[in-house]
Amino acid sequence: MKKILAGSLTAVLLVGLLAGCGKTDNETSGNANTGDAGKATTITHWEMVNGPADTYEAAAKKIVENFNSSNDQNITVELQMTPWDNFYQTFLTAITSGAAPDTSTGASTQPLQYALMGEILDLQPIVDQWNEEGNDIVNQFPEGSLDMLTYDGELTGLPWALDPRGLTYRTDYFEQAGITELPTTWEEFLDVCKKLKEWNSDIVPFVFGGADQMSTQTMMMFLMQNGTGFTNENVEADFTSKNVTEALEFLHELASNGYISEGTASYKSADAEKMYCSGTAAIWFNGMPTATIDYEDVAANSSVLPAMAGPSGGDARYYTWINSIMAYTQSDAPDACRAFIKYWIENELILFTEGGCSQLPARADLQTDKFFSDTWYTKEFSEKVVPVAVPQSWPAPALFPAFSQIEGEDYPGKALQAVITGDTDYEKIQKETNDLIATAIEDYGADYDEE
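In terms of our numbering, the sequence shown opens at residue 435 and continues consecutively.
Have a look at this one:
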């Protein structure tokens, strides 16, 4: 019987950005109950390219080199940087062929995906050791995240980064268009887009990637803002609901009024980024807008919109992905893997401050570092997005096995593409998408035990 990931992220951490009171991470040797002290051990860590290739790799290498030189268990870690392009197939091929890495970072759904295959190493001994040490680090993770990463009684990963989604906008464009109140509802958002279009028809009011994974992620935002998701809270396909219809109608209205470009369904995330950074778009949906650093005028005139609520949504919401570091059961050195992961979590700050990681630390204590209050987008995403963010699988009580397929196959994104290109047969679109979601859930097993 397949089991749903237990627990839920009931509240994503609220960050207190305290300028000037940065906390540096302590260089620790790691232990995690390693039983092979004195015996030379080499393990391989696959690190995703989570920031600019040059600076991020250098920061990751520094962590690995410091661990190699400081641990007293004769462990050597070999680092391999892994691009996001085709990452799913890269890991799947390696794991199914018996060539898995010892440890890795990866997509937020990855620990569950491979735990279902029996390929993920239990990391609970690391948490047990922190508790024995009296280390408060366990309490710095997002509330409920360790429960969310627990499958069949084992801890499948440790959260190291948050990857929130939000709406970035040009403050100067809003001012020039006479917009004095920021939108908090979809109706107000439509009014803002109308004013922007009337002010300057050469500026696209709203831009997002409609041809890659960002199509589904854009759909996710509007679904959640209207009180729903891929499924209901019982992990049942719910794409035929009134809430979904309203989201599709809203997206169609954005398109029919010219508030998004005619070519949005063919835009990739990089295209949307280019439009915003070149000044041809006023509002951009994406993760943290790290690219604005290279455009001084854009960065100086950018901010983050408050979360919005749809007509049936109740509370205003954004959402965040929780990304983890994990280890694999194919490893011949499980204790060495745990020792390295423990060290990584304890010393990860430089991935952000030196490496330019495009996410936020999952540890609340690290987010008080001055670096995050000095960078406009990390400060604003921490203050405006993270406190109202729900986990990516909301309103399901936890991450469920079929989520990876639903998101990876872009089922909701295809519904978005249909309505923004003129298809208004909402009933047909919703039923087709709902059937795909229901089939995916059924394929992974209808019986779930929530713990």
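Glycine included, every Cβ here is placed at the ideal spot set by N, Cα and C. Computed from a prediction, not measured in an experiment: that's the story for all the values here.
Near Pro723, what residues of its chain come up, given a Cβ to Cβ distance below 6 Å and the 5 sequence neighbours on each side ignored?
Position 289 of the sequence shown, counting from 1, holds the residue named residue 723. If we look at Pro723 and ignore the five residues flanking it on each side, its Cβ neighbours are Thr602, Tyr811.
Measure the beta-carbon distance from Thr754 to Val820 and round it to whole angstroms, keeping in mind my assumption that it falls under 8 Å.
By 1-based counting over the sequence shown, the position of residue 754 is 320. By 1-based counting over the sequence shown, the position of residue 820 is 386. Going by Cβ atoms, the distance from Thr754 to Val820 rounds to 7 Å, so yes, they are a contact pair.
Identify whether Phe521 lies in helix, strand or coil by the three-state DSSP scheme.
Translated into the one-based positions of the sequence shown, residue 521 becomes position 87. The answer is helix: DSSP assigns Phe521 an H, G or I state.
Let me check understanding here. Comparing Cα to Cα, which of Lys776, Asp536, Ile571, Met658 lies closest to Pro559?
Counted from its first residue, the sequence shown places residue 559 at position 125. When each option's Cα is compared against that of Pro559, the closest is Lys776.
Using a threshold of 8 Å, state whether the C-beta atoms of Ala743 and Thr619 are closer than that.
The sequence position of residue 743 within the sequence shown is 309, counting from 1. The sequence position of residue 619 within the sequence shown is 185, counting from 1. Yes, these two residues count as a Cβ contact at 8 Å.
Look at Asn660 and Pro745 and say whether their C-beta atoms are less than 8 Å apart.
Taking the first residue of the sequence shown as 1, we reach residue 660 at position 226. Taking the first residue of the sequence shown as 1, we reach residue 745 at position 311. Going by C-beta atoms, Asn660 is nearer than 8 Å to Pro745.
In chain order, what residues of the same chain lie with their CB nearer than 7 Å to the CB of Lys865, ignoring the 5 residues before and after it?
Stepping through the sequence shown from its first residue, residue 865 is reached at position 431. Around Lys865: Thr674.
Tell me the DSSP secondary structure of Ala888 in three-state form.
Here the chain comprises residues numbered 435 to 885, so residue 888 is not present and cannot be evaluated.
Please list, in chain order, all residues of the same chain as Phe805 whose beta carbon is under 6 Å from its beta carbon, the five residues on each side excluded.
For the purposes of this step, residue 805 is taken as residue 371 along the sequence shown, with counting starting at 1. If we look at Phe805 and ignore the five residues flanking it on each side, its Cβ neighbours are Thr787.
Nearest CA to the CA of Leu421: which residue from Ala474, Thr476, Ile477, Met482?
With the chain represented from 435 up to 885, any question about residue 421 goes unanswered, as that position is not in the structure.
Please go through the region 746 to 782 and give each complete beta strand (DSSP E) segment of 3 or more residues, from N-terminal end onward.
752 to 761, all fully within the region 746 to 782.
Report the three-state DSSP secondary structure of Asp877 (helix, strand or coil).
Translated into the one-based positions of the sequence shown, residue 877 becomes position 443. Of the three classes helix, strand and coil, the one that applies to Asp877 here is helix, per DSSP.
Please classify Trp518 as buried or exposed, where buried requires at least 16 neighbouring CB atoms within 10 angstroms.
Position 84 of the sequence shown, counting from 1, holds the residue named residue 518. So Trp518 counts as exposed.
Output needed for Tyr845: all residues of its chain with C-beta closer than 7 Å, excluding positions within five of it in sequence on either side, in chain order.
The residue you call residue 845 lines up with position 411 of the sequence shown. Cβ neighbours of Tyr845 beyond the five flanking positions: Thr867, Leu870, Ile871.
Which of the three DSSP states is assigned to Val483 in this structure?
The residue you call residue 483 lines up with position 49 of the sequence shown. Of the three classes helix, strand and coil, the one that applies to Val483 here is coil, per DSSP.
Quick one: is Asp672 buried, meaning 16 or more other Cβ sit within 10 Å of its Cβ, or exposed?
To locate residue 672, count along the sequence shown from 1; it is residue 238. Asp672 is buried by the Cβ-count criterion.
Mapping DSSP to helix, strand and coil, what is Leu596?
Counting from 1 along the sequence shown, the entry for residue 596 is found at position 162. Leu596 falls in the strand class under three-state DSSP.
When the Cα atoms are used, what is the spatial distance from Gly856 to Phe575?
As a working note, residue 856 is residue 422 in the sequence shown. As a working note, residue 575 is residue 141 in the sequence shown. Whole-angstrom Cα-Cα distance: 43 Å.
Which residues bound the alpha helix (DSSP H) around Asn508?
If you number the sequence shown from 1, residue 508 lands on position 74. From DSSP, Asn508 is part of no alpha helix (DSSP H); its letter is neither H nor E.
Buried or exposed for Leu375, going by 16 or more other Cβ atoms inside 10 Å?
For the chain, the structure presents residues 435 to 885; residue 375 sits outside this window and is missing.
Start and end of the beta strand (DSSP E) containing Phe640?
Position 206 of the sequence shown, counting from 1, holds the residue named residue 640. Residues 638 to 641.
Assuming Ala767 and Thr475 form a contact by the criterion Cβ under 8 Å, report the distance between their Cβ atoms to the nearest whole angstrom.
Walking along the sequence shown from the start, residue 767 turns up at place 333. Walking along the sequence shown from the start, residue 475 turns up at place 41. Contact flag correct, Cβ pair sits at about 5 Å.
Quick check on the burial criterion: 16 or more other C-beta atoms within 10 angstroms. Buried or exposed for Asp459?
Position 25 of the sequence shown, counting from 1, holds the residue named residue 459. Note that Asp459 has pLDDT 39, beneath the 50 cutoff, so the model's placement of it is unreliable and the number below is only indicative. Flag for Asp459 reads buried.
Apart from the five residues on each side of it in sequence, which residues of its chain come closer than 6 Å, Cβ to Cβ, to Gly569?
Along the sequence shown, one-based indexing puts residue 569 at 135. The question names Gly, yet the displayed sequence has Asn at residue 569. Same-chain partners within the cutoff: there are none.
Could you tell me the distance, in whole angstroms, from the CA atom of Ile875 to the CA atom of Gln547?
The count along the sequence shown starts at 1 and reaches residue 875 at position 441. The count along the sequence shown starts at 1 and reaches residue 547 at position 113. Going from the Cα of Ile875 to the Cα of Gln547 covers about 13 Å.
For the beta strand (DSSP E) containing Tyr825, list its first residue and its last residue.
As a position in the sequence shown, residue 825 is number 391, starting the count at 1. The amino acid occupying residue 825 in the given sequence is Pro; Tyr does not appear at that position. Element bounds for Pro825: 823 to 825.
In the structure shown, what three-state DSSP assignment does Glu553 receive?
By one-based count along the sequence shown, residue 553 stands at place 119. In the structure shown, Glu553 sits in coil (DSSP, three-state: anything other than H, G, I, E or B).
Short of 8 Å in beta carbon distance, which residues of its chain neighbour Gly469, apart from the five on each side in sequence? Order them along the chain.
Reading the sequence shown from its first residue, position 35 is the one you call residue 469. Confidence in Gly469 is poor, its pLDDT being 45 and thus under 50, which makes the residue's placement too unreliable to answer from.
Just to confirm my understanding: we take Ala639, look at its own chain, exclude 5 residues before and 5 after, and list those with CB closer than 7 Å. What are they?
Along the sequence shown, read from residue 1 onward, the residue named residue 639 stands at position 205. Per the sequence presented here, residue 639 reads as Pro, with Ala not at that position. Around Pro639: Cys627, Leu630, Lys631, Tyr693, Ala716, Ile717.
With DSSP as the reference, label Tyr607 as helix, strand or coil.
In the sequence shown, residue 607 corresponds to position 173, counting from 1. Tyr607: helix per DSSP, three-state reduction.
Ordered along the chain, which non-local residues of its own chain (more than five positions away) have a Cβ less than 8 Å from that of Gly612?
Counting from 1 along the sequence shown, the entry for residue 612 is found at position 178. Lys629, Trp633, listed in sequence order.
Between which two residues does the alpha helix (DSSP H) containing Thr652 stretch?
What you label residue 652 is simply residue 218 of the sequence shown in a count that begins at 1. Counting along the chain, the alpha helix (DSSP H) containing Thr652 begins and ends at 647 to 659.
Look up Glu588 in the DSSP assignment and give the residues it is bridged to.
For the purposes of this step, residue 588 is identified with residue 154 of the sequence shown, where counting begins at 1. Glu588 pairs with Tyr585.
One question on the structure: do Pro479 and Leu513 come within less than 8 Å of each other, judged by their Cβ atoms?
The residue given as residue 479 occupies position 45 in the sequence shown. The residue given as residue 513 occupies position 79 in the sequence shown. The residue you asked about is not Pro; residue 479 is His in the sequence shown. Yes, they are a contact pair.
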